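Participant: Attaching a single structure in structure tokens format; questions to follow.
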Amino acid sequence: MSHDPAQMRPRRFSAQGPLTGRIRVPGDKSISHRSIMLGALAVGETRVTGLLEGEDVLSTAAAMRAMGATIERQANGEWLVAGVGVGGLLQPGTALDMGNSGTSTRLLMGLVATHPITACFVGDASLSKRPMGRVIDPLTQTGARFTSYPGGRLPLIVEGATTPVPLTYRLPVASAQVKSAILLAGLNTPGTTTVIEPVPTRDHSERMLRGFGADLSVELESDGTRIIRLAGEAELKPQTITVPGDPSSAAFFAVAALIVPGSDLIIENVGLNPTRAALFDVLRQMGGAIEELDRRDVGGEPVADLRVRASALTGIEVDPAVVPAMVDEFPVLFVAAAHARGRTVTRGLEELRVKESDRITVMRVALELAGANVTETEDGLIIEGTDGAPLPGTAPDARVATHLDHRIAMAMAVAGLASAQGVEVDDTRPIATSFPVFEALIATATGQA
Numbered sequence: 000m001s002h003d004p005a006q007m008r009p010r011r012f013s014a015q016g017p018l019t020g021r022i023r024v025p026g027d028k029s030i031s032h033r034s035i036m037l038g039a040l041a042v043g044e045t046r047v048t049g050l051l052e053g054e055d056v057l058s059t060a061a062a063m064r065a066m067g068a069t070i071e072r073q074a075n076g077e078w079l080v081a082g083v084g085v086g087g088l089l090q091p092g093t094a095l096d097m098g099n100s101g102t103s104t105r106l107l108m109g110l111v112a113t114h115p116i117t118a119c120f121v122g123d124a125s126l127s128k129r130p131m132g133r134v135i136d137p138l139t140q141t142g143a144r145f146t147s148y149p150g151g152r153l154p155l156i157v158e159g160a161t162t163p164v165p166l167t168y169r170l171p172v173a174s175a176q177v178k179s180a181i182l183l184a185g186l187n188t189p190g191t192t193t194v195i196e197p198v199p200t201r202d203h204s205e206r207m208l209r210g211f212g213a214d215l216s217v218e219l220e221s222d223g224t225r226i227i228r229l230a231g232e233a234e235l236k237p238q239t240i241t242v243p244g245d246p247s248s249a250a251f252f253a254v255a256a257l258i259v260p261g262s263d264l265i266i267e268n269v270g271l272n273p274t275r276a277a278l279f280d281v282l283r284q285m286g287g288a289i290e291e292l293d294r295r296d297v298g299g300e301p302v303a304d305l306r307v308r309a310s311a312l313t314g315i316e317v318d319p320a321v322v323p324a325m326v327d328e329f330p331v332l333f334v335a336a337a338h339a340r341g342r343t344v345t346r347g348l349e350e351l352r353v354k355e356s357d358r359i360t361v362m363r364v365a366l367e368l369a370g371a372n373v374t375e376t377e378d379g380l381i382i383e384g385t386d387g388a389p390l391p392g393t394a395p396d397a398r399v400a401t402h403l404d405h406r407i408a409m410a411m412a413v414a415g416l417a418s419a420q421g422v423e424v425d426d427t428r429p430i431a432t433s434f435p436v437f438e439a440l441i442a443t444a445t446g447q448a
């Protein structure tokens with residue numbers, strides 16, 4: 000995906016009335032990635048229903064096919080993955096194109112690092128700006144070799160270790176991607192790989208590795224530090240997986256229903272893993288009416304239907320401790336804060352500066368363009384809300400710059416639904432990386448379909 004103006008697809012998102020009825024968001028992106036990767040490393044056939052068929056996950060599937068796995072979509076929407084076994088990855092014949100997916104890139108770097116193959120990773124303009132050093136540094140200690148563009152960026156070549164060395168690694172920053180890359184590297188490494196996690200992050204990798212039969216343990220220390228140990232040279236067993244709805248995708252519709260007057264929306268089958276669902280707790284703290292219906296377990300993950308009703312929100316100081324459990328949801332939280340009564344203060348968001356875009360600066364500029372009162376700090380935003388009044392929206396000749404970032408595009412689309420004159424985003428193409436049916440679901444929820 001490029002910044003070529005001729006290819007960009009701008010759209011003005013305007014008020015369409017309340018969001019009502021029932022919708023179902025696509026499958027969880029994190030679980031979808033890992034279903035494909037671990038299924039490709041198991042011996043036998045893994046069956047996956049509810050897989051997110053966004054461009055990021057399809058990049059993962061294409062890469063695993065290039066390294067020997069057979070991955071096919073069935074007519075009924077189920078995906079079948081015939082794996083090659085841990086240690087069985089084949090030398091890819093061409094560069095692995097990761098598109099816009101940082102998750103695919105970092106996790107697959109971990110897999111390749113301990114297999115005796117060489118892989119070249121490339122990506123789009125946005126991904127090629129993202130630093131990979133936080134993954135390169137620990138994986139180098141396994142014996143893998145890396146050649147990258149200056150600054151640890153793509154294009155990047157990984158030469159896997161022939162005789163990998165197990166790691167004991169303490170995460171310097173909270174990052175589920177770094178943790179997962181190290182654990183995936185440990186699958187084909189003799190001995191025990193240990194990750195020390197001072198601040199807990201999303202735990203899908205641990206849950207799913209155990210589910211596929213890996214010998215993995217988690218020890219919790221008195222200060223909350225998690226010590227994760229994985230026995231190497233694992234033999235993974237194929238699984239049948241039902242992917243719950245992605246809470247990061249549900250977040251956009253939850254905020255839209257809270258800020259668009261008269262809304263009463265049920266979002267079905269939302270994954271509520273406690274390492275992922277902090278946004279809904281924060282929105283409740285702000286006064287949001289979010290009710291869990293039919294809470295249940297699906298494939299080892301907590302799931303519920305969420306009933307969300309339009310609410311008068313109040314600004315709060317968001318506890319930095321919740322950042323790892325909602326790091327991807329801050330762009331749309333900023334939109335909710337812009338409609339609240341009083342001030343919302345966010346801190347500890349340095350990680351947002353190295354996402355698909357610098358999400359702190361980009362959202363500050365976008366919200367200001369739509370008429371919000373926003374102050375940028377080194378590690379967050381301070382937002383003075385409108386007390387429920389709609390944002391003015393963007394001027395007729397102004398467009399929000401999304402910087403090829405899907406979450407910026409969707410967050411500002413939500414802002415447009417509760418604006419006086421609409422919000423125009425410069426490019427809707429990035430939305431397909433994680434939520435290809437986003438615009439169709441807006442039409443459904445607002446009765447425009």
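Residue numbering for the sequence shown follows numbering that gives the first Met the number 0, starting at 0 and increasing by one per position.
We treat Cβ as the ideally placed atom computed from N, Cα and C, and that holds for glycine.
Here the structure is a predicted model, which is why all the values come from computation and not from measurement.
1) With burial defined as no fewer than 16 other Cβ atoms inside 10 Å of the residue's Cβ, what is the status of D3: buried or exposed?
2) Helix, strand or coil for E196? Go by DSSP, reduced to three states.
3) What are the boundary residues of the beta strand (DSSP E) that F329 is part of?
4) Suppose you measure from the CA of P435 to the CA of R8; what does that come to, to the nearest Å?
5) So E188 is in the alpha helix (DSSP H); what residue range does that whole segment cover?
6) Do the region 55 to 62 and the region 16 to 24 touch if we need at least three Cβ pairs shorter than 8 Å?
7) Please state whether DSSP places P154 in a helix, a strand or coil.
8) Would you call the region 72 to 89 in contact with the region 38 to 47, where contact means no fewer than 3 C-beta pairs closer than 8 Å?
9) Using 8 Å as the cut-off, can you tell me whether the region 303 to 319 makes contact with the region 256 to 275, which would need three or more C-beta pairs spanning the two stretches below that distance?
10) On the three-state DSSP scale, how would you describe D404?
11) Assign G223 to buried or exposed, taking buried as 16 or more other Cβ atoms, counted over all protein chains shown, within 10 Å of its Cβ.
12) Is the beta carbon of E52 less than 7 Å from the beta carbon of G98?
13) For T69, which beta-bridge partners are listed by DSSP?
14) Does DSSP put D426 in a helix, in a strand, or in coil?
15) On the DSSP letters alone, give me the boundaries of the beta strand (DSSP E) that F12 sits inside.
16) Could you give the DSSP three-state label for E54: helix, strand or coil?
17) Across which residues does DSSP place A431 in a beta bridge pair?
18) Would you mind working out which of E383, E205 and L292 sits nearest A336, comparing C-alpha positions?
19) Just grab the DSSP bridge partners of N372 for me.
20) Leaving out five residues before and five after R206 in sequence, what residues of the same chain have Cβ atoms less than 6 Å from its Cβ?
21) Per DSSP, T139 forms a beta bridge with which residues?
22) Thinking just about the alpha-carbon of each residue, which of G287, T401 and E220 is nearest to the one in P330?
23) In the DSSP assignment, what are the bridge partners of L292?
24) On the CB-based measure, 16 or more other CB atoms within 10 Å of its CB, does E176 come out buried or exposed?
25) Apart from the five residues on each side of it in sequence, which residues of its chain come closer than 8 Å, Cβ to Cβ, to D214?
26) CA-CA distance, L416 and V259?
27) For a quick check, are the C-beta atoms of A309 and S262 less than 7 Å apart?
28) Let's test the definition: count the other Cβ atoms within 10 Å of the Cβ of G150 and tell me whether it reaches 16, buried, or not, exposed.
Facilitator: Result, derived from the coordinates:
1) exposed
2) strand
3) Note, F329: premise wrong, no beta strand (DSSP E); alpha helix (DSSP H) at F329 to A337.
4) 14 Å
5) It should be noted that the sequence gives Thr, not Glu, for residue 188. That residue, T188, is in no alpha helix (DSSP H); it is neither H nor E in DSSP.
6) no
7) strand
8) yes
9) yes
10) coil
11) exposed
12) no
13) A81
14) coil
15) R10 to F12
16) helix
17) DSSP, once it has assigned bridges, lists no residue as partnering A431.
18) E383
19) E383
20) G299
21) Answer is none; T139 lacks a bridge partner.
22) T401
23) D304
24) Note that residue 176 is Gln in the sequence shown, not Glu. Under this definition Q176 is a buried residue.
25) L229, A230 and A233
26) 7 Å
27) yes
28) exposed
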